[in-house]
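*Asks:* One structure is given below, represented as structure tokens, and several questions about it will come after.
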Amino acid sequence: NAGVTQTPKFQVLKTGQSMTLQCAQDMNHEYMSWYRQDPGMGLRLIHYSVGAGITDQGEVPNGYNVSRSTTEDFPLRLLSAAPSQTSVYFCASSYSTGVNEQYFGPGTRLTVT
Amino acid sequence: KQEVTQIPAALSVPEGENLVLNCSFTDSAIYNLQWFRQDPGKGLTSLLLIQSSQREQTSGRLNASLDKSSGRSTLYIAASQPGDSATYLCAVKAWVSGSRLTFGEGTQLTVNP
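Protein chains in written order, with our numbering: chain A, 3 to 115; chain B, 3 to 115.
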């Protein structure tokens, strides 16, 4: 299994541009989520999905969109990038909600200028 | 709101020492607690997962304990090695927040040869 994969690894955007961060898992996990990691703030939940077709907001959803059309993929869209969205983004998955261990991808480092 | 605190923020030890990393959380109603390791510029690697009904988990030189009533967990690393140098994060999954993980800010460990 490849586990949780993310593309790209690095990205530089100009303010106002849009882009999609890709996340895929091959473990048939129902639950997927996106976090951002910032110095002094730790990891914070952006959006999550408990299964295909079902998404919900996390702690810091503003400026981001998600969709879940398949079990495997959970892309994160930045609608109009802002410097405050400069961060490292991690995708995670687990078999289901509740007691299961979560697995994280390698991250995407995004800089917005 | 669940808050997770990790002490110390940074720790430097000579090779071979046994050491303890601390994690405390404010809401004892949790599904589980997970310890992760993060190397610089990399993703999160799951080390140990303790369910709310368990008191401890062990993997190799690592032992994690959980005391829900006092809101504490410790990660014990035996016979530390330079390869253990990394940031260690603890995260709790609370009942009311589905599968959302609430993270501490981590302990940055340096093991000197």
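The beta-carbon is built from N, C-alpha and C at its ideal position, and this holds for glycine as well.
Enumerate, from N- to C-terminal direction, the unbroken beta strand (DSSP E) stretches of 3 or more residues contained entirely within the segment 5-93 of chain A.
*Replies:* 6-9, 12-15, 21-27, 33-40, 44-53, 56-59, 66-68, 78-80, all fully within the segment 5-93 of chain A.
*Asks:* Determine whether the Cβ of S72 (chain B) lies closer than 8 angstroms to any Cβ atom of chain A.
*Replies:* Chain A contact via Cβ: absent.
*Asks:* Does G18 (chain A) get closer than 8 angstroms to chain B when you measure Cβ to Cβ?
*Replies:* So no, G18 (chain A) is outside the interface.
*Asks:* Can you tell me whether DSSP reads D41 (chain B) as helix, strand or coil?
*Replies:* Note: D41 (chain B) maps to coil in three-state DSSP.
*Asks:* For E58 (chain B), which residues does DSSP report across the bridge?
*Replies:* Paired residue(s): B:S67.
*Asks:* Please report whether the beta-carbon of E103 (chain A) lies at a distance below 8 angstroms from any beta-carbon of chain B.
*Replies:* Closer than 8 angstroms: yes.
*Asks:* Assess contact between the segment 15-30 of chain A and the segment 78-98 of chain A, defined as three or more Cβ pairs (one per stretch) separated by less than 8 angstroms. Is contact present?
*Replies:* Cβ pair count under 8 angstroms is three or more, so yes.
*Asks:* So, is M34 (chain A) buried or exposed, given that buried needs 16 or more other C-beta atoms within 10 angstroms?
*Replies:* When all chains shown are included, M34 (chain A) counts as buried.
*Asks:* Consult DSSP for P84 (chain B) and reduce its assignment to one of helix, strand or coil.
*Replies:* Residue state, collapsed to three classes: helix.
*Asks:* Taking a cut of 7 angstroms between CB atoms, which residues from the segment 50-64 of chain B lie near chain A?
*Replies:* Flagged, chain order: L51, Q53.
*Asks:* Check whether the segment 63-83 of chain A and the segment 19-36 of chain A touch, using three or more Cβ-Cβ pairs below 8 angstroms as the test.
*Replies:* At 8 angstroms Cβ cutoff, the stretches touch.
*Asks:* Let me confirm a value: R57 (chain B) is counted as buried when at least 16 other C-beta atoms fall within 10 Å, else exposed. Which label applies?
*Replies:* The residue is exposed, with fewer than 16 neighbouring Cβ atoms inside 10 Å.
*Asks:* When you compare only the Cα positions, how much space is there between K95 (chain B) and V114 (chain A)?
*Replies:* Each residue's alpha carbon lies about 31 angstroms from the other.
*Asks:* Please report the Cβ distance between V22 (chain B) and T76 (chain B), rounded to the nearest whole angstrom; I am assuming they are in contact, meaning their Cβ atoms lie under 8 angstroms.
*Replies:* Contact holds; Cβ gap of about 5 angstroms.
*Asks:* Please name the residue in A:H31, A:T9, A:E32 whose C-alpha comes closest to that of M21 (chain A).
*Replies:* Closest option to M21 (chain A), Cα to Cα, is A:T9.
*Asks:* Identify the residues that DSSP records as bridge partners of K95 (chain B): which are they?
*Replies:* Beta-bridge pairing links K95 (chain B) to B:N34, B:L103.
*Asks:* I'd like to know if G45 (chain B) contacts chain D, where contact means its C-beta is closer than 8 angstroms to some C-beta of that chain.
*Replies:* Among the protein chains of the structure shown, namely A and B, there is no chain D.
*Asks:* Mind checking I48 (chain A): buried by the 16 CB within 10 Å criterion, or exposed?
*Replies:* Buried: at least 16 other Cβ atoms inside 10 Å.
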